[in-house]
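S.K.: Residue numbers (my numbering), protein chains in the order written: chain A, 3 to 165; chain B, 78 to 234.
Handing you this structure, nothing more for now.
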Amino acid sequence: MVDVQVDDLDLQLIELLSRDARVSNRKVAGELGVTEGTVRGRIKRLQQDGLIAFTAITSFGMAHKSRLAFISVQAEVERVREVALAVSELPMINAVMITMGEFNILAMSLFDELDQLVETASDRILDIRGVHHVETSIAVKTIKYNARMAKITNPGDFVDEGE
Amino acid sequence: MTQQIQLDAVDHKIVEHLRSHGRASNQQIAEGLGLTATTVSSRIKRLEDANQLRVVAVSDFSAHGFNFLMRVMVEVDGRPASQVAHELAQFPEVFATHIVTGRYDIDMLVALHGLEDLSGLLLEKFSQVRGIRTLVPSIVVDIVKYQFDVAPIEARS
């Protein structure tokens, strides 16, 4: 884990921008009682450190990604990382984590049609060398989901032209 | 209330642009897509007002001091799963709670500051929720990919 230096002003800035990222630096500066230059500098540093990224989130149900599935995988221990990487490259796989427990990989998939899930989980994942067993469960109801917190794995994918 | 609105090709183009350039000005988006800044502004406002779109800062778990992630699968007994799920969702450490099909009834993602938080969470918080038959936690040791661009969107207060 990297040692992260985040102070109260950073957290206030994150909180403000997590509600609406399209507010101007001037407005943010006014609300936090700092200069626009400070806001600009802080945002740039947080982005460079991979601590924040600006993105668009669309509603569940829009754009062919209406359902979420948890795909639990048992893979050979010595191959777990290569299996996880192979899973992460499949289409429709949004998250892949290596875990300790009964399953050593958890993949999450947003899909629209059951056929797509069957193809991803039962055909493509089971076919990866080193995979022993796959169990799929579908989220039928989402009670809580905080999309404003995530693992930022590719900070370079997000660009901020700023003002 | 969420009203369903139809998105056309222009809406989709703007949304795709915002996914990678969330803080681009209306003028910058307009130039890239051959539109006017007014069109961009009104399209974004329409999608936001209908709770179909949010442009937000997503922050890394580590920015909040969360260094450990844990998946917890829950088997429910003698109580509706949605009641148990709603109670579990009250804890701030729980950042995702889904009712699922299959062997378990609830699948949760939990963020922890450190492993020392584990006993308090399991023994003092989760154990207070009635109707839990088993809790199966697994610690996340590495995140290979994490890319969610859709989520349930709540109306702005």
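Here a beta-carbon is modelled for each residue, glycine too, at the ideal position from N, C-alpha and C.
As the structure is a prediction and not an experimental result, all values here were calculated from the model.
Who are the neighbours of Thr174 of chain B on chain A, taking C-beta pairs under 7 Å?
M.R.: Residues of chain A passing the Cβ test: Ile145 and Lys146.
S.K.: What is the DSSP secondary structure of Val161 of chain A, reduced to helix, strand or coil?
M.R.: Bear in mind that a pLDDT of 48 at Val161 of chain A, under 50, signals an unreliable position, so the model cannot answer this.
S.K.: Just to confirm, are Leu198 of chain B and Glu170 of chain B a CB contact at a threshold of 8 Å?
M.R.: Their beta carbons are under 8 Å apart, which means Leu198 of chain B touches Glu170 of chain B by this criterion.
S.K.: Measuring CA to CA, which of B:Val135, B:Asn144, B:Val153 and B:Val132 is closest to Glu193 of chain B?
M.R.: It is B:Asn144 whose Cα lies nearest to the Cα of Glu193 of chain B.
S.K.: Near Val161 of chain B, which residues of its chain fall below 8 Å by C-beta distance, leaving aside the five closest residues on each side in sequence?
M.R.: Once the five neighbours on either side are set aside, the close Cβ partners of Val161 of chain B are Val151, Val153, Asp182, Ile183, Val206, Arg207, Gly208 and Ile209.
S.K.: On a CA-only basis, which of B:Ile82, B:His190 and B:Arg100 is nearest Met147 of chain B? Give me that one, please.
M.R.: Measuring from the Cα of Met147 of chain B, the nearest candidate turns out to be B:His190.
S.K.: Check whether chain A comes within 8 Å of Ala162 of chain B, counting only Cβ atoms and requiring the distance to be less than that.
M.R.: Cβ-Cβ to chain A under 8 Å: yes for Ala162 of chain B.
S.K.: Does the beta carbon of Thr178 of chain B sit closer than 8 Å to a beta carbon anywhere in chain A?
M.R.: Yes, because at least one Cβ of chain A sits closer than 8 Å to the Cβ of Thr178 of chain B.
S.K.: Closer than 8 Å, CB to CB, is Gln129 of chain B near chain A or not?
M.R.: Output row for Gln129 of chain B: interface = yes.
S.K.: Could you pull the start and end residues of the beta strand (DSSP E) that Ala173 of chain B belongs to?
M.R.: Where Ala173 of chain B is concerned, the enclosing beta strand (DSSP E) stretches over Val171 to Val177.
S.K.: Would you mind stating whether Val213 of chain B and Arg150 of chain A have Cβ atoms separated by less than 8 Å?
M.R.: Contact flag unset, no.
S.K.: What is the rounded straight-line gap between the Cα of Thr144 of chain A and the Cα of Val133 of chain A?
M.R.: Approximately 29 Å, taken between the alpha carbons.
S.K.: Helix, strand or coil: how does DSSP classify Gln167 of chain B here?
M.R.: Looking at Gln167 of chain B - three-state DSSP - the assignment turns out to be coil, as it is neither helix nor strand.
S.K.: Which residues, in order along the stretch 208 to 219 of chain B, keep a beta-carbon less than 9 Å from a beta-carbon of chain A?
M.R.: Correct list: Val213, Pro214, Ser215, Ile216, Val217, Val218 and Asp219.
S.K.: Reducing DSSP to helix, strand and coil, say where Leu189 of chain B ends up.
M.R.: It is a strand residue.
S.K.: Give a yes or no on whether 8 Å exceeds the smallest Cβ distance from Met102 of chain A to chain B.
M.R.: Interface residue, yes.
S.K.: Can you name the start and end residues of the beta strand (DSSP E) that Glu93 of chain B belongs to?
M.R.: From DSSP, Glu93 of chain B is part of no beta strand (DSSP E) but of the alpha helix (DSSP H) over Ala86 to Ser97.
S.K.: What residues from chain B crowd round Ile130 of chain A, counting only those whose CB sits closer than 8 Å?
M.R.: Correct list: empty, because the minimum Cβ distance to chain B is about 13 Å.
S.K.: With a threshold of 8 Å between beta-carbons, can Glu80 of chain A be considered close to chain B, or not?
M.R.: No, its Cβ sits nowhere closer than 8 Å to a Cβ of chain B.
S.K.: Using beta-carbon positions only, say whether Asn148 of chain A and Phe225 of chain B come within less than 8 Å of one another.
M.R.: Result no, Cβ atoms of Asn148 of chain A and Phe225 of chain B do not sit closer than 8 Å.
S.K.: Kindly list the residues whose CB is nearer than 6 Å to the CB of Ser26 of chain A, restricted to its own chain and excluding five residues on each side of it in sequence; keep chain order.
M.R.: Same-chain partners within the cutoff: there are none.
S.K.: Once you ignore the five residues that flank Leu13 of chain A on each side, which residues in its own chain have a CB closer than 7 Å to its CB?
M.R.: Cβ within range, chain order: n/a, list empty.
S.K.: For Phe105 of chain A, which of helix, strand or coil comes out of DSSP?
M.R.: Coil.
S.K.: Taking the beta carbon of Arg24 of chain A as the centre, do at least 16 other beta carbons fall within 10 Å, making it buried, or is it exposed?
M.R.: It counts as buried.
S.K.: Among the candidates A:Leu18, A:Gln49 and A:Val82, whose CA atom is the shortest distance from the CA of Asp137 of chain B?
M.R.: The shortest Cα separation from Asp137 of chain B among A:Leu18, A:Gln49 and A:Val82 belongs to A:Gln49.
S.K.: With 8 Å as the threshold, decide whether the Cβ of Gln205 of chain B is near any Cβ in chain A.
M.R.: Not an interface residue.
S.K.: Look at the alpha carbon of Gly43 of chain A and the alpha carbon of Thr57 of chain A, and state the distance between them as a whole number of angstroms.
M.R.: For Gly43 of chain A and Thr57 of chain A, the distance between alpha carbons rounds to 19 Å.
S.K.: Does any residue of chain A bring its CB to less than 8 Å from the CB of Gln83 of chain B?
M.R.: Not an interface residue.
S.K.: What residues in its chain sit with their C-beta under 6 Å from that of Ala107 of chain B, if we drop five residues either side in the sequence?
M.R.: Same-chain partners within the cutoff: Thr113, Ala114 and Val117.
S.K.: What residue ranges within the stretch 195 to 222 of chain B form continuous beta strand (DSSP E) runs of no fewer than 3 residues, ordered along the chain?
M.R.: Counting whole runs of 3 or more residues, the stretch 195 to 222 of chain B contains no beta strand (DSSP E) stretch at all.
S.K.: Output, in sequence order along the chain, the residues in the stretch 41 to 54 of chain A whose CB is closer than 7 Å to any CB in chain B.
M.R.: Listed in sequence order: Gly52, Leu53 and Ile54.
S.K.: Distance, Cα to Cα, Leu112 of chain A vs Asn128 of chain B?
M.R.: C-alpha separation (whole angstroms): 19 Å.
S.K.: Quick check: Ile82 of chain B and Ile121 of chain B, are their CB atoms within less than 8 Å of each other?
M.R.: Going by C-beta atoms, Ile82 of chain B is not nearer than 8 Å to Ile121 of chain B.
S.K.: Please identify the residue among B:Ser97, B:Thr178, B:Ser204 and B:Val227 whose C-alpha is closest to the C-alpha of Ala158 of chain B.
M.R.: The option with the nearest alpha carbon to Ala158 of chain B is B:Thr178.
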